[in-house]
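Peer 1: Have a look at this one.
Number of protein chains: 2
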Amino acid sequence: MSTKRNGKSGRRPGNQDTRGEILTAARHAFAAKGFAGASIRGIAADAGVDAALVHHYFDTKEQLFLTTVELPVPIGDVVESLTAHGVEGLGERIITTVLSIWDSELQPSLVAAVRTSLADPTKSRSLSEFLSLEVIGTILGSVDLPAEEASLRTGLVASQLAGVIIGRYVLRLPALAEQSSDSLAAAIAPTLQRYLSGEI
Amino acid sequence: MSTKRNGKSGRRPGNQDTRGEILTAARHAFAAKGFAGASIRGIAADAGVDAALVHHYFDTKEQLFLTTVELPVPIGDVVESLTAHGVEGLGERIITTVLSIWDSELQPSLVAAVRTSLADPTKSRSLSEFLSLEVIGTILGSVDLPAEEASLRTGLVASQLAGVIIGRYVLRLPALAEQSSDSLAAAIAPTLQRYLSGEI
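Chains as they are written, first to last, in the working numbering: chain A, 402 to 601; chain B, 402 to 601.
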């Protein structure tokens, strides 16, 4: 079906189908090898294109991964802007940002992405690795702490965020889904702040 | 295939197949009507048996539901024993109990049950209703508060618990999966206690 190409010159640049072939190769690679194990070079080879063309379409491996899981949010950018202002008030900024993204028109596609990722062990392995390496790693880098303590703190932050997202938007527990985002943010911000910089 | 029976006398008492037929009818009923909407009477009628026989095999609707979602933990009993000693120290008792159940040999079947429930909207609807009515309802009953505030507090507790379970056991985020249960419990207990009885 697919013809092997030696795409050194990346000779099919603007083709929609090429982008699709890269995505298909990427999905297989992430499922088989996880986020860390899959490489742009290997994905390019499987798709029969230049690695440069993969970068042309998807910029980074993170962005390529996010496209395969169909999360319609530039997670890297969001995390970067959150952590740019230091640890003070970070807990409140995180929960406010997360709730505003999830309460937006993106909600249905985010819910679908979470359902799919949790249901499929190979997808949740990649998602887990991605969250650990990119999201938690960046937050961890903004908190000046020994690696072991920072890992515990960011794991705790992740646990509270994952729980409010799944309870409020995926399971739609009335006790969470029926709250205003303001009262949830007010209650959860001190938890996140303690996990980031308080006594644990 | 299945013969309609007027099972007024419950005349197939010890039959393994009868139990299976009740379970099949119950799965369909919970998926179609949710936990609150499905009735023992209706499930019995669909299975062609007496309602008394359903109670004989599964005791309560809660127990029947828990069997259909294959959660191998008597959630009702656990919640009851947790809340029997009042609100003081309740946060610590909850997180310690939850982690010890999830760190036990039950873990694989619990993970499978959570994956299935989250992936299938009809199952997560039933699970969500069950958690709201039975688990959160019981905790809510043990905290002496106006209904609206109690709902927010128990929703917050549920969010932290769901997050640590999914992050540690389903997604297996290294930042959560690699922690000792003692350090997680020590960090999370004050969060739960504040959600139950502190300032929010």
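We put the beta carbon where it would ideally sit given N, CA and C, even for glycine.
Because the structure is a prediction, the values reported are computed rather than measured.
Pick out whichever of B/Leu-500, B/Gly-477, B/Thr-517 has its Cα sitting closest to the Cα of B/Ala-625.
Peer 2: Within the shown structure, residues of chain B are numbered from 402 to 601, placing residue 625 of chain B beyond reach of any answer.
Peer 1: Quick check on this structure: which residue in B/Ile-444, B/Arg-494, B/Gln-580, B/Val-470 has the alpha carbon closest to the alpha carbon of B/Ala-426?
Peer 2: As a first step, residue 426 of chain B is located in the second sequence; it is residue number 25 there, counting from the start. Closest in C-alpha terms to B/Ala-426, from the list B/Ile-444, B/Arg-494, B/Gln-580, B/Val-470, comes B/Ile-444.
Peer 1: Have a look at B/Ser-482, B/Leu-483, B/Ser-518, B/Thr-498 and flag the residue whose alpha-carbon is nearest the alpha-carbon of B/Phe-380.
Peer 2: Residue numbering for chain B in the displayed model covers 402 to 601; residue 380 of chain B lies beyond these limits and cannot be assessed.
Peer 1: Quick one: is B/Leu-500 near chain A, going by C-beta distance under 8 Å?
Peer 2: Counting from one through the second sequence, the residue named residue 500 of chain B turns up at place 99. For B/Leu-500, the answer is no, since every Cβ of chain A falls outside 8 Å of its Cβ.
Peer 1: Straight-line CA distance for A/Thr-468 to A/Leu-597?
Peer 2: As a working note, residue 468 of chain A is residue 67 in the first sequence. As a working note, residue 597 of chain A is residue 196 in the first sequence. Distance between the alpha carbons of A/Thr-468 and A/Leu-597 is about 29 Å.
Peer 1: Check the Cβ of B/Ser-527 against every Cβ in chain A and list those closer than 7 Å, keeping chain order.
Peer 2: The sequence position of residue 527 of chain B within the second sequence is 126, counting from 1. Those do not exist, as B/Ser-527 stays about 10 Å from chain A at its closest Cβ, beyond 7 Å.
Peer 1: Look at the alpha carbon of B/Leu-553 and the alpha carbon of B/Gln-561, and state the distance between them as a whole number of angstroms.
Peer 2: To locate residue 553 of chain B, count along the second sequence from 1; it is residue 152. To locate residue 561 of chain B, count along the second sequence from 1; it is residue 160. In a straight line, the C-alpha of B/Leu-553 is about 13 Å away from that of B/Gln-561.
Peer 1: Which ranges does the alpha helix (DSSP H) cover as unbroken runs of at least 4 residues, wholly within the segment 482-557 of chain B, from first to last along the chain?
Peer 2: 491-503, 508-520, 522-531, 538-543
Peer 1: If contact means a Cβ-Cβ distance below 9 Å, which residues of the segment 569-600 of chain A contact chain B?
Peer 2: Arg-569, Val-571, Leu-572, Arg-573, Leu-574, Pro-575, Ala-576, Leu-577, Ala-578, Glu-579, Gln-580, Ser-584, Leu-585, Ala-587, Ala-588, Ile-589, Pro-591, Thr-592, Arg-595, Tyr-596, Glu-600
Peer 1: Is there a Cβ of chain B sitting closer than 8 Å to that of A/Ser-552, yes or no?
Peer 2: The residue you call residue 552 of chain A lines up with position 151 of the first sequence. Output row for A/Ser-552: interface = yes.
Peer 1: Could you confirm whether any beta carbon from chain B is found closer than 8 Å to the beta carbon of A/Thr-555?
Peer 2: Taking the first residue of the first sequence as position 1, residue 555 of chain A is located at position 154. Taking 8 Å as the threshold, the shortest C-beta distance from A/Thr-555 to chain B falls below it.
Peer 1: Relative to the alpha-carbon of A/Ile-476, which residue among A/Gly-487, A/Thr-498, A/Tyr-458, A/Asp-504 has its alpha-carbon at the smallest distance?
Peer 2: Position 75 of the first sequence, counting from 1, holds the residue named residue 476 of chain A. The alpha carbon of A/Ile-476 has as its nearest neighbour, out of A/Gly-487, A/Thr-498, A/Tyr-458, A/Asp-504, the alpha carbon of A/Thr-498.
Peer 1: Please decide whether A/Gly-564 counts as near chain B, where near means a Cβ-Cβ distance under 8 Å.
Peer 2: Here residue 564 of chain A refers to the residue found at position 163 of the first sequence. Closer than 8 Å to some Cβ of chain B, the Cβ of A/Gly-564 qualifies, so yes.
Peer 1: Shorter than 8 Å from the beta carbon of B/Arg-420 to some beta carbon of chain A?
Peer 2: Taking the first residue of the second sequence as position 1, residue 420 of chain B is located at position 19. No, B/Arg-420 lies away from the interface with chain A (no Cβ there is under 8 Å from its Cβ).
Peer 1: If you follow the alpha helix (DSSP H) that A/Ile-589 is part of, which residue opens it and which one closes it?
Peer 2: To locate residue 589 of chain A, count along the first sequence from 1; it is residue 188. Segment 582-598, the alpha helix (DSSP H) holding A/Ile-589.
Peer 1: Mind checking B/Asp-451: buried by the 16 CB within 10 Å criterion, or exposed?
Peer 2: Reading the second sequence from its first residue, position 50 is the one you call residue 451 of chain B. It counts as buried.
Peer 1: Can you look up A/Val-437 in the DSSP assignment and give me helix, strand or coil?
Peer 2: Residue numbering aside, residue 437 of chain A sits at position 36 when the first sequence is read from its first letter. Strictly speaking, residue 437 of chain A in this sequence is Ala, with Val absent from that position. Three-state result, A/Ala-437: helix.
Peer 1: Are any of the Cβ atoms in chain A nearer than 8 Å to that of B/Arg-494?
Peer 2: In the second sequence, the residue the question calls residue 494 of chain B occupies position 93. It does not; no Cβ of chain A falls within 8 Å.
Peer 1: List the residues of chain B that A/Ile-567 touches, going by C-beta distances under 9 Å, in chain order.
Peer 2: Here residue 567 of chain A is taken as the residue at index 166 of the first sequence, counted from 1. By Cβ distance, chain B contributes Leu-519, Ser-560, Ala-563, Gly-564, Ile-567.
Peer 1: Rank A/Val-479, A/Leu-574, A/Ile-441 by C-alpha distance to the C-alpha of A/Ala-453 and give the top, closest one.
Peer 2: Here the question's residue 453 of chain A lines up with position 52 in the first sequence. That would be A/Ile-441, whose Cα lies nearest to the Cα of A/Ala-453.
Peer 1: Near A/Leu-557, which residues of its chain fall below 8 Å by C-beta distance, leaving aside the five closest residues on each side in sequence?
Peer 2: By 1-based counting over the first sequence, the position of residue 557 of chain A is 156. Hits under 8 Å: Tyr-596, Ile-601.
Peer 1: Among residues of its own chain, excluding the 5 on either side of A/Val-474, which ones have a beta-carbon nearer than 7 Å to its beta-carbon?
Peer 2: Along the first sequence, one-based indexing puts residue 474 of chain A at 73. Correct list, in chain order: Ile-502, Leu-507.
Peer 1: Using a Cβ cut-off of 8 Å (strictly closer), state whether A/Arg-516 contacts chain B.
Peer 2: Position 115 of the first sequence, counted from the first residue, corresponds to residue 516 of chain A. Chain B contact via Cβ: present.
Peer 1: Assuming A/Glu-535 contacts A/Glu-463 under a Cβ cut-off of 8 Å, what Cβ separation, rounded to an integer in Å, is found between them?
Peer 2: Position 134 of the first sequence holds residue 535 of chain A. Position 62 of the first sequence holds residue 463 of chain A. The pair is a contact, with the Cβ atoms about 6 Å apart (cut-off 8 Å).
Peer 1: For B/Val-455, report the span of its alpha helix (DSSP H) as first-last.
Peer 2: To locate residue 455 of chain B, count along the second sequence from 1; it is residue 54. 452-459 is the span of the alpha helix (DSSP H), which, as asked, contains B/Val-455.
Peer 1: With a threshold of 8 Å between beta-carbons, can A/Leu-483 be considered close to chain B, or not?
Peer 2: By one-based count along the first sequence, residue 483 of chain A stands at place 82. No, A/Leu-483 lies away from the interface with chain B (no Cβ there is under 8 Å from its Cβ).
Peer 1: Would A/Ala-437 and A/Glu-549 qualify as a contact pair, given that the criterion is a beta-carbon distance under 8 Å?
Peer 2: One-based indexing of the first sequence puts residue 437 of chain A at position 36. One-based indexing of the first sequence puts residue 549 of chain A at position 148. Against a cut-off of 8 Å, the Cβ pair of A/Glu-549 and A/Ala-437 comes out as no contact.
Peer 1: According to DSSP, is A/Arg-573 helix, strand or coil?
Peer 2: For the purposes of this step, residue 573 of chain A is identified with residue 172 of the first sequence, where counting begins at 1. In the structure shown, A/Arg-573 sits in coil (DSSP, three-state: anything other than H, G, I, E or B).
Peer 1: Restricting to Cα atoms, I'd like to know which of A/Arg-569, A/Ile-540, A/Pro-547 is closest to A/Val-479.
Peer 2: What you label residue 479 of chain A is simply residue 78 of the first sequence in a count that begins at 1. The option with the nearest alpha carbon to A/Val-479 is A/Ile-540.
Peer 1: Along chain A, which residues have their Cβ under 8 Å away from the Cβ of B/Leu-532?
Peer 2: Counting from one through the second sequence, the residue named residue 532 of chain B turns up at place 131. For a Cβ distance threshold of 8 Å, residue set Leu-572, Leu-574 of chain A lies close to B/Leu-532, ordered along the chain.
Peer 1: Please state whether DSSP places B/Ile-601 in a helix, a strand or coil.
Peer 2: Against the second sequence, residue 601 of chain B aligns to sequence position 200. The answer is coil: DSSP assigns B/Ile-601 none of H, G, I, E or B.
Peer 1: Answer with buried or exposed for A/Ala-586, where buried requires no fewer than 16 other C-beta atoms within 10 angstroms of its C-beta.
Peer 2: Numbered from its first residue, the first sequence carries residue 586 of chain A at position 185. Buried.
Peer 1: Determine the direct distance from the alpha carbon of B/Val-455 to that of B/Thr-420, and round the result to whole angstroms.
Peer 2: For the purposes of this step, residue 420 of chain B is taken as residue 19 along the second sequence, with counting starting at 1. For the purposes of this step, residue 455 of chain B is taken as residue 54 along the second sequence, with counting starting at 1. Just to set this straight, residue 420 of chain B is Arg in the shown sequence, not Thr. Approximately 8 Å between the Cα atoms of the pair.
Peer 1: Since B/Ala-563 and A/Ile-496 are thought to touch, with beta carbons under 8 Å apart, how far apart are those beta carbons, to the nearest angstrom?
Peer 2: Numbered from 1 along the second sequence, position 162 holds the residue referred to as residue 563 of chain B. Numbered from 1 along the first sequence, position 95 holds the residue referred to as residue 496 of chain A. That pair is no contact at about 16 Å.
Peer 1: Which same chain residues, not among the five before or five after A/Phe-431, have their C-beta less than 7 Å away from its C-beta?
Peer 2: Walking along the first sequence from the start, residue 431 of chain A turns up at place 30. Only Ala-439, Phe-466, Thr-469, Ser-527 meet the Cβ criterion.
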